[in-house]
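Chains as they are written, first to last, in UniProt numbering: chain A, 1 to 284; chain B, 1 to 284.
Okay, so here's the structure we're looking at.
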């Protein structure tokens, strides 16, 4: 393997050792094609090499697969920005972003996301993913819950990141199912009959239900989903491209590791968090 | 510290051990206030506990601080979705999203982001951050480069994630400066006189220049920036809230670890990558 950080490599390579612009433009064209499609259906970057590698996944490599990411007002951008970055590399896989009303959605912090499709306009999802948020009022409304339950019932895979599992659980579909959640909210799952499992990735029913822990856990979650759907090689390829070689500067990513004073700060911000029972608007 | 995953915790807690809805709604209100502000300036979630903890950063805790995230067509969402999730927790810190034209910006894969402000409407940034993209044609245009150079010259901190460092470097401001970049593009920095450093986080000139490696490195980068600006306690608090306790399922996040056949797959997709010399549209 060539050293990617070879400091002796000349900046001025002979032109024929450089990729042609056409090669790299092809990538851009595929993304652009996605953008041209109506609604929110966005193509990934399927290439022959990827499609071949995908032969070890549970799906047939040539099988087209629709992932629907259900967003809502006050949702958390990073909960789905991590997974979507991974999913966009899967061959023959469309990523659709949808919300109750369609169009742009105002997430947490006033961040505006989308165009999104209307959930009601989506007949079927092969995989539905529900991200979390800092205020679950919108996705806990009956109209939203009905759409999520309809798509989940018809989907091969029912998934969530962060406290998106509470949104799924509230539809009743997680009754008796093991599920992950952000650590601060994980025991709230019990209110809906789901079984909280304090891990970064959790599956039940042979992977029909898959869930990630809080916010950044969405990246680990997505790599596992990618491996299941399209094989480990494709997942490793995506991991290499997103340079997911994490090196947190502090040891503070979970309350079992964080300093007690830091956990206390979060408890002040989100009372109940240290028992996994933080409440947010929208939870009954 | 209380076990956050106490499986014996009753779902039906006495009401007085639960946080009040008012407490948690306060958080939502701060976010909502951000959304109500004109332009793209979004408030973080400063609270008294956070402001107090911030006293160990290089900034005075009461000092208001403007972070400008410069986005552009075909930019990579995760490059700035990671950092912004961390930055939004910093006390007295405004996050402004800006682009050349302002308004919504179509990123990679057709993802639509923003409202954004117009770069020309921003008089000054305390910190400018340039994310990367799969096509740098837009940010390499003279009008964009001029805005970036103007804001960088006036900023206390000049930063980038992924191959956003190539955009900064092309303005000339990184001449002789050490900088990180996505591994596939890192040696392209030399074309602009910058010094490629193959690490996940790199600083130069006592931190005036800070940069992150590829895509997901933005999270590690942002935690280090947070610690510098507002102190380690605030950074650890953010890390705990975003549950950044990474557990990649595979060992494939950097070419030094990935299997040779996976590196070869990327080389096919991005010729030159294994030498750190991948080319993308926009690079001269």
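Just so you know, even glycine gets a beta-carbon here, dropped at the ideal spot from N, CA and C.
The segment 193-203 of chain A makes contact with the segment 211-220 of chain A; the number of CB pairs closer than 8 Å reaches 3 or more. Against chain B, the beta carbon of residue 202 of chain A has no neighbour under 8 Å; the closest one sits roughly 12 Å away. When the Cα atoms are used, residue 196 of chain A and residue 189 of chain A turn out to be separated by approximately 6 Å. According to the DSSP assignment, residue 236 of chain B belongs to the alpha helix (DSSP H) that extends over 232-241.
Residue 83 of chain B sits away from residue 278 of chain B, with the two beta carbons spaced by 9 Å or more.
Under the three-pair Cβ rule at 8 Å, the segment 175-185 of chain A does not count as touching the segment 146-157 of chain A. In the three-state reduction of the DSSP assignment, residue 196 of chain B falls in the strand class, which pools E and B. Per the coordinates, the alpha-carbon of residue 119 of chain B lies some 18 Å from the alpha-carbon of residue 112 of chain B.
For residue 64 of chain A, there are no C-beta contacts with chain B under 7 Å, since the nearest C-beta of that chain is about 17 Å from it. In the structure shown, residue 279 of chain A adopts coil according to DSSP, grouped into three states. Secondary-structure assignment with DSSP links residue 127 of chain A through a beta bridge to A/67 and A/157. Taking 8 Å as the cut-off between beta carbons, the residues of the segment 218-239 of chain B near chain A are 219, 220, 223, 224, 227, 232, 233, 235, 236, 237 and 239, in sequence order. For residue 177 of chain B, not one C-beta of chain A is nearer than 9 Å to its own C-beta. In the structure shown, residue 220 of chain B falls within a helical segment according to DSSP collapsed to helix, strand and coil. Assignment of residue 96 of chain B by DSSP, reduced to helix, strand and coil, places it in the strand class. Linking residue 235 of chain B to residue 97 of chain A through their CA atoms gives a straight-line distance of about 31 Å.
Closer than 9 Å to the CB of residue 121 of chain B there is not a single CB belonging to chain A.
Comparing alpha-carbon positions, the option among A/185, A/147 and A/123 lying closest to residue 70 of chain A turns out to be A/147. In the three-state reduction of the DSSP assignment, residue 101 of chain B falls in the coil class. Counting only Cβ-Cβ distances below 8 Å, residue 250 of chain B has contacts in chain A at 223, 227, 232, 235, 236 and 239, in chain order.
Here residue 145 of chain A has 170 and 171 as same chain residues with Cβ atoms under 7 Å from its own Cβ, once five neighbours each way along the sequence are excluded. Sequence-distant Cβ neighbours of residue 259 of chain A in its own chain, meaning closer than 8 Å and more than five residues away, are 252. Between residue 140 of chain A and residue 283 of chain A, the C-beta spacing is below 9 Å. Apart from sequence neighbours up to five positions away, the residues of its chain that approach residue 273 of chain B with a beta-carbon distance below 6 Å are 184, 266 and 267, ordered along the chain. Around the beta carbon of residue 187 of chain A, 16 or more other beta carbons sit within 10 angstroms, so the residue counts as buried.
By the neighbour-count criterion, in which a residue is buried when 16 or more other Cβ atoms sit within 10 angstroms of its Cβ, residue 124 of chain B is exposed. Residue 77 of chain A has its alpha-carbon roughly 7 Å from the corresponding atom of residue 108 of chain A. Residue pairing from DSSP places residue 210 of chain A in a beta bridge opposite A/159 and A/203.
Interface residue (Cβ-Cβ distance to chain A less than 9 Å): residue 78 of chain B is classified as such. Here residue 239 of chain B is actually not in contact with residue 246 of chain A; their C-beta atoms are around 11 Å apart, not less than 8 Å. One alpha carbon belongs to residue 241 of chain B, the other to residue 216 of chain B, and they sit about 17 Å apart.
At a cut-off of 9 Å between beta-carbon atoms, residue 61 of chain B makes no contact with chain A.
About 6 Å separates the beta carbon of residue 180 of chain A from that of residue 165 of chain A, a gap short enough to meet the 8 Å contact definition. Using beta-carbon distances, residue 142 of chain B does not count as an interface residue toward chain A, since no partner is under 9 Å. Residue 133 of chain A and residue 75 of chain A do touch by the CB rule: their CB atoms are close to 4 Å apart, below 8 Å. Taking a Cβ-Cβ threshold of 7 Å, the residues of chain B close to residue 114 of chain A are 112, in chain order.
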